[in-house]
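Enquirer:
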Amino acid sequence: MSIDVTTDLQHAVEDAAAHLYVWALKDIPQDLRDALRAAAARETSVPGRRVLSTILRNVEVADDDGNLVCQDTGIAVYTCRVGERFPLHPARIYEALRDGTARATIEHPLRSNAVHTITRENTGPNVGHRLPIVHWEFVKDWDGLDVKCVPKGSGSENMSFLKMCVPADGVKGIKQFVLESIVGSGGKPCPPGIVGVGIGGTRNADPIVAQLEDGLMGLLNETGIGPMGLGGDVTVLNCHIEHADTHMTLNPVAVNYQCWAARRATAHVAADGTVDFDREA
Amino acid sequence: MATHEVTFPIGDEQEILKLRAGDEVVVQGHIIGIRDRTQIRIFDQGVEPPMDLRGAFLLHTAPGVRKLSEGRYEKVCIGTTTSARMVRFTEPLGAQYGVRAICGKGGFPDEAIEPMRKLGMVYFAIVGGAAALETTQIEEIEEVAWEELMPECLWKFRVKDFGPLTVGIDAHGNSLYHDVQTAAQAKLKELYARL
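In the order they appear, the protein sequences are chains A and B. The opening position of the first sequence corresponds to residue 1 in the numbering used here, with each subsequent residue numbered one higher. The opening position of the second sequence corresponds to residue 1001 in the numbering used here, with each subsequent residue numbered one higher.
This is how it looks when you write it as structure tokens:
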């Protein structure tokens, strides 16, 4: 009996993954739509306004035609919050996510981007060694599973940078590196996007770090890179920092860029296999 | 900043020379899809492309397609990739094959400015990520060559009202990317001083 339940649950997670991957690629969340509309309202450069109005038109066309927002179907990245009493082991959850990703790629069909890192030969329908990528979080006293799919395109992923600043560089060194990275990226990562900065570990409620997020976002928008790097007021939509405490001799800073098409979709899976889909989570 | 409609392939160089960095352009006619592996085959492996590229508009793309029958494909989702990786092919595309326009996202670095000026070529900036709209502007996939490079084949698309594109680099030595980057580097000095 328990084997049947587990298998059904594995199928439910596989179905959810197949649905989430395609849904995320087609229907971007409301907060992002609002941010793009606000960007279009405040942009003053002529090419910048042209870009933003085209982006808004594109989102509507994707809705109307049921088509993908962007042709780059990316690497399928999932984040899983697994309750300690969820009756399917993470090994099986991973298998379900992998199978769902492959099925969506074949059935839709979606462009398959996965290649061996050295031979560059395609490794399968958006699956391969350690693909898709899954980030795990485990939650005690809970029997549910939340799966979020965040397909990540290569245009913005290629604009990732790491620098080992020294402690004497301080916060100023962190700010300089973020600014230098985004200005150097120009139009390549499809601005205006969302800048992720890692100076360590987990998402923070730390007011000192929150202040750095706000400060950096203001500075980045002063650079004038603008939509698609054609010049303008809106270079980034947001800036998020994750931090962890570090060694007294270290001051590492990493920058990762998310393009304007910040696609995501979530499924809440109950222990009995009931699935609720959620675009906004 | 003017607005133009241009039909490709073009025969008259004036069609290119009238375009200025920052202008808006809508394209009609036929365009050629090309990407990294396609150009590596032409220039690094010395294989002649089986399509006429004279006066052509090249699009940096690897389209999502559905196969209908031998050599026939229909569009699923066609968008544009980052151009900067392919800048080294600019001069030979113009000098050896007479290409007049290259379209992509994110722009070309400054090394494209001089060959484009010398050879009468332009770089068109499309809106990266706006593939749903771009797909509606591609009427048909008329030809495909080098299918074994799928999806980095040589594609011939018939387009209608393709755009809006922005002239990123013109044939007179002007580049929006150069100007934006120069201004941003100057601004950075000012921002660093305030940190």
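Heads up, the beta-carbon is just placed ideally off N, CA and C, and yes, glycines get one too.
1) Classify A:Thr235 as buried or exposed, calling it buried when 16 or more other Cβ atoms lie within 10 Å of its own Cβ.
2) Assuming the contact rule is C-beta atoms closer than 8 Å, B:Gln1137 and B:Val1122 should be a hit. Round their C-beta distance to whole Å, please.
3) Under the three-state reduction of DSSP, which class applies to B:Ser1069: helix, strand or coil?
4) Using the DSSP secondary-structure output, state which residues sit across from B:Val1075 in a beta bridge.
5) Flag A:Glu137 as yes when its Cβ comes closer than 7 Å to any non-hydrogen atom of the ligand GTP, and as no otherwise.
6) I need the straight-line Cα distance from A:Gly288 to A:Val59, nearest angstrom please.
7) Check whether the Cβ of A:Leu110 lies closer than 8 Å to any Cβ atom in chain B.
8) Quick test of the definition: if touching needs 3 or more C-beta pairs under 8 Å, does the region 74-83 of chain A touch the region 273-281 of chain A?
9) In this structure, how does DSSP classify A:Val166 when only helix, strand and coil are distinguished?
10) Drop a sphere of 10 angstroms on the beta-carbon of B:Ala1002, count the other beta-carbons inside from all chains shown, and report buried for 16 or more, exposed for fewer.
11) Does B:Gln1014 pass the burial test, meaning 16 or more other C-beta atoms within 10 Å, or should it be called exposed?
12) Does any residue of chain B bring its CB to less than 8 Å from the CB of A:Lys188?
13) Can you pull the chain A neighbours of B:Cys1077, defined as C-beta to C-beta under 7 Å?
14) Counting beta carbon pairs with one atom in the region 4-18 of chain A and one in the region 137-144 of chain A, are three or more of them shorter than 8 Å?
15) Name the DSSP bridge partner or partners of A:Ile199?
16) Going along the region 1050-1075 of chain B in order, which residues come within less than 8 Å of chain A, judged by CB to CB distance?
17) Give the straight-line distance between the Cα atoms of B:Phe1043 and B:Pro1092, rounded to the nearest whole angstrom.
18) Please look up how many angstroms separate the CB atoms of B:Gly1108 and B:Thr1081, rounded, as I've assumed it's under 8 Å.
19) Applying the 10 Å Cβ sphere with the 16-neighbour rule, what's the burial state of A:Pro47?
20) What's the gap between the Cα of B:Glu1134 and the Cα of B:Gly1033?
21) For B:Ile1138, which three-state DSSP category applies?
22) For a cutoff of 8 Å on Cβ pairs, would you count A:Cys259 as touching chain B?
23) Answer yes or no: do A:Trp260 and A:Leu237 have a C-beta to C-beta separation smaller than 8 Å?
24) Just to confirm before moving on: does the CB-CB distance between A:Ala62 and A:Leu56 stay below 8 Å?
25) What does a CB cutoff of less than 7 Å around A:Ile208 pick up in its chain, not counting 5 residues either side in sequence?
26) Going along the chain, which residues of its own chain have a beta-carbon closer than 6 Å to the beta-carbon of A:Met164, five neighbours each way excluded?
27) Scan the region 121-183 of chain A and note each continuous alpha helix (DSSP H) run of 4 residues or more that stays entirely inside, going in chain order.
28) Name, please, each residue of chain A whose Cβ falls closer than 9 Å to the Cβ of B:Thr1135.
29) Looking at C-alpha atoms only, which residue of B:Leu1068, B:Glu1111, B:Cys1077 and B:Glu1148 is the closest neighbour of B:Arg1037?
30) Mind checking who A:Val253 pairs with in its DSSP beta bridge?
31) Please classify B:Asp1036: does DSSP put it in a helix, a strand, or coil?
32) Roughly how many angstroms separate the alpha carbons of A:Asp27 and A:Met248, rounded to a whole number?
33) How close, in whole Å, do the beta carbons of A:Cys239 and A:Val195 come, if the pair is a contact with beta carbons under 8 Å?
34) Quick check: is the beta carbon of B:Met1116 nearer than 8 Å to any beta carbon in chain A?
35) Looking only at C-alpha atoms, which of B:Ala1132, B:Ile1141 and B:Thr1166 sits nearest to B:Glu1005?
36) Determine the extent of the alpha helix (DSSP H) in which A:Leu56 is found, giving its start and end residues.
Expert: In short:
1) Walking along the first sequence from the start, residue 235 of chain A turns up at place 235. The residue in question, A:Thr235, is buried, as its Cβ has 16 or more Cβ neighbours within 10 Å.
2) On the second sequence, residue 1137 of chain B is found 137 positions in, with the first residue counted as 1. On the second sequence, residue 1122 of chain B is found 122 positions in, with the first residue counted as 1. By a beta-carbon distance limit of 8 Å, B:Gln1137 does not contact B:Val1122. Their separation comes to about 19 Å.
3) Indexing the second sequence from 1 puts residue 1069 of chain B at position 69. Reduced to three states, the DSSP call for B:Ser1069 is strand.
4) Sequence index remark: in the second sequence, residue 1075 of chain B carries index 75 (1-based). Per the sequence shown, residue 1075 of chain B should be read as Lys rather than Val. Partner(s): B:Val1065.
5) Because no ligand of any kind appears in the structure shown, any question about the ligand GTP cannot be addressed here.
6) Since the displayed chain A opens at 1 and closes at 281, residue 288 of chain A lies outside it and no answer follows.
7) Here residue 110 of chain A refers to the residue found at position 110 of the first sequence. A:Leu110 counts as touching chain B.
8) A contact between stretches requires three or more CB pairs, one per stretch, nearer than 8 Å, and the region 74-83 of chain A fails this requirement with the region 273-281 of chain A.
9) Walking along the first sequence from the start, residue 166 of chain A turns up at place 166. Coil at A:Val166, not helix or strand.
10) If you number the second sequence from 1, residue 1002 of chain B lands on position 2. Exposed, by the Cβ-count rule.
11) As a position in the second sequence, residue 1014 of chain B is number 14, starting the count at 1. Answer is exposed; the Cβ neighbour count stays below 16.
12) In the first sequence, the residue the question calls residue 188 of chain A occupies position 188. Yes, because at least one Cβ of chain B sits closer than 8 Å to the Cβ of A:Lys188.
13) On the second sequence, position 77 is the one that residue 1077 of chain B refers to. Correct list: Asn67, Leu68 and Gln71.
14) The region 137-144 of chain A vs the region 4-18 of chain A: no contact.
15) Translated into the one-based positions of the first sequence, residue 199 of chain A becomes position 199. Residue pairing of A:Ile199 in beta bridges, as defined by DSSP: A:His243.
16) Hits within the stretch, in order: Thr1061, Ala1062, Pro1063, Gly1064 and Arg1066.
17) Translated into positions along the second sequence, residue 1043 of chain B becomes position 43. Translated into positions along the second sequence, residue 1092 of chain B becomes position 92. Straight-line Cα distance between these residues: approximately 8 Å.
18) As a first step, residue 1108 of chain B is located in the second sequence; it is residue number 108 there, counting from the start. As a first step, residue 1081 of chain B is located in the second sequence; it is residue number 81 there, counting from the start. Reading off the sequence shown, one finds Phe at residue 1108 of chain B, where the question assumed Gly. At roughly 13 Å, the Cβ-Cβ gap does not stay under 8 Å, so B:Phe1108 and B:Thr1081 are not in contact.
19) Taking the first sequence and counting its residues from 1, one reaches residue 47 of chain A at position 47. Per the 10 Å Cβ criterion, buried.
20) Stepping through the second sequence from its first residue, residue 1134 of chain B is reached at position 134. Stepping through the second sequence from its first residue, residue 1033 of chain B is reached at position 33. Distance between the alpha carbons of B:Glu1134 and B:Gly1033 is about 13 Å.
21) Numbered from its first residue, the second sequence carries residue 1138 of chain B at position 138. Secondary structure at B:Ile1138: strand, using DSSP grouped into helix, strand and coil.
22) Position 259 of the first sequence, counted from the start, is the residue given in the question as residue 259 of chain A. Interface residue, yes.
23) By one-based count along the first sequence, residue 260 of chain A stands at place 260. By one-based count along the first sequence, residue 237 of chain A stands at place 237. For A:Trp260 and A:Leu237, yes; Cβs fall inside 8 Å.
24) For this step, residue 62 of chain A is matched to residue 62 along the first sequence. For this step, residue 56 of chain A is matched to residue 56 along the first sequence. Here A:Ala62 is not near A:Leu56, since their CB atoms are 8 Å or more apart.
25) Translated into positions along the first sequence, residue 208 of chain A becomes position 208. Excluding residues within five positions, none has a Cβ falling inside 7 Å.
26) The sequence position of residue 164 of chain A within the first sequence is 164, counting from 1. By the criterion of a C-beta distance shorter than 6 Å, A:Met164 is surrounded in its chain by Pro252, once the five residues flanking it on both sides are discounted.
27) Here the runs fully enclosed are 154-157.
28) Position 135 of the second sequence, counting from 1, holds the residue named residue 1135 of chain B. Those are Val61, Asp65, Asn67, Leu68 and Gln71, listed as they occur along chain A.
29) Counting from 1 along the second sequence, the entry for residue 1037 of chain B is found at position 37. Nearest of B:Leu1068, B:Glu1111, B:Cys1077 and B:Glu1148 to B:Arg1037, Cα basis: B:Glu1148.
30) Translated into positions along the first sequence, residue 253 of chain A becomes position 253. The bridge partners DSSP lists for A:Val253 are A:Lys163.
31) The residue you call residue 1036 of chain B lines up with position 36 of the second sequence. It is helical.
32) Position 27 of the first sequence holds residue 27 of chain A. Position 248 of the first sequence holds residue 248 of chain A. Looking at the two C-alpha atoms, the distance is approximately 44 Å.
33) On the first sequence, position 239 is the one that residue 239 of chain A refers to. On the first sequence, position 195 is the one that residue 195 of chain A refers to. Rounded to the nearest angstrom, the Cβ distance from A:Cys239 to A:Val195 is 4 Å, consistent with a contact under 8 Å.
34) Here residue 1116 of chain B corresponds to residue number 116 of the second sequence, with the count starting at 1. Chain A, which has no Cβ nearer than 8 Å to the Cβ of B:Met1116, makes this no.
35) Position 5 of the second sequence, counting from 1, holds the residue named residue 1005 of chain B. Of B:Ala1132, B:Ile1141 and B:Thr1166, the residue nearest in Cα terms is B:Thr1166.
36) One-based indexing of the first sequence puts residue 56 of chain A at position 56. Per DSSP, A:Leu56 is one residue of the alpha helix (DSSP H) stretching across Val46 to Asp65.
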